[in-house]
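Participant: My structure is below; once you've seen it, I'll send some questions.
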């Protein structure tokens, strides 16, 4: 029943419940769902792609939802809003929200270049 509310893969559920060596599991012990993260990544990539392609630097969640519905993309309004919020808060803050509109905080090419550099640095971190 909770799986529909918290969409985790079966292996992650087993890991959280049984492999954690904890007697009591709190919300801090539960990492974000990888299913939710994949959808977030997909929507963020689509938003960046559309900004780069159209050069439109401000939009609302509603505009994007309509646009993506026309493209038959299965993005819920709340998922789009979550992606926009993700991009508008620290540490990224590549979007700023004013009223119901989001707008870029800089040039899209510069933003994407800096994200690429950050990704390269992240990939060099020893794990």
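Numbering (our numbering), first residue to last: 1388 to 1514.
Note that beta-carbon positions come from the ideal geometry of N, C-alpha and C, so glycine has one too.
Since the structure is predicted, the reported quantities are computational estimates derived from the model, not experimental observations.
1. Tell me which residue opens and which closes the beta strand (DSSP E) that residue 1485 is part of.
2. Given 8 angstroms as the limit, is there contact between the region 1422–1430 and the region 1457–1468, that is, 3 or more CB pairs closer than that?
3. Pick from 1465, 1425, 1426 and 1471: whose alpha carbon is nearest that of residue 1446?
4. DSSP has residue 1435 in a bridge; who is on the other side?
5. Ends of the alpha helix (DSSP H) at residue 1464?
6. Do residue 1475 and residue 1489 have their C-beta atoms closer together than 8 angstroms?
7. Over what stretch of residues does the beta strand (DSSP E) that includes residue 1564 continue unbroken?
8. Under three-state DSSP, which class holds residue 1446?
9. Identify whether residue 1496 lies in helix, strand or coil by the three-state DSSP scheme.
10. Can you look up residue 1430 in the DSSP assignment and give me helix, strand or coil?
11. Is the beta carbon of residue 1477 sitting closer than 8 angstroms to the one on residue 1464?
Facilitator: Looking at the atomic coordinates:
1. 1482–1485
2. yes
3. 1471
4. Answer is none; residue 1435 lacks a bridge partner.
5. 1464–1475
6. yes
7. The structure shown does not extend to residue 1564, since the chain is modelled only from 1388 to 1514, so the question has no answer here.
8. strand
9. helix
10. helix
11. no
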